[in-house]
């Protein structure tokens, strides 16, 4: 484990746990949005992508899930930490 970024490691490790991620998202998202998501479909997506221009992009944490009507959506978790 990289100890040079302990806060980032803590968040990434814990939010990679789907059960914990569900609880965090459900409590942080606006109630109207939280109620239309089928939380059983939440899954963690890979953290890097290649664009059409062949650029490699990285995400903090990207989740996909479905709304209760079957529509696919993505939830992005960006954790910003400012050291003193």
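Residue numbers (this note's numbering): 238 to 321.
C-beta atoms are modelled at their ideal positions from N, C-alpha and C, and glycine is treated no differently.
Note that the structure is predicted; figures quoted are calculated from it, not measured.
Length of the line joining the Cα atoms of residue i and residue j
i, j, result
"residue 279", "residue 255", "7 Å"
"residue 282", "residue 298", "8 Å"
"residue 258", "residue 251", "8 Å"
"residue 270", "residue 305", "11 Å"
"residue 311", "residue 260", "16 Å"
"residue 247", "residue 265", "18 Å"
"residue 276", "residue 268", "13 Å"
Exposure of residue i, with buried meaning 16 or more beta-carbon neighbours within 10 Å
i, result
"residue 300", "buried"
"residue 262", "buried"
"residue 274", "buried"
9 Å Cβ cutoff, residue i in contact with chain D
i, result
"residue 310", "Absent here is chain D; the protein component of the structure consists of one chain."
Helix, strand or coil at residue i according to DSSP, with G and I counted as helix
i, result
"residue 266", "coil"
"residue 301", "strand"
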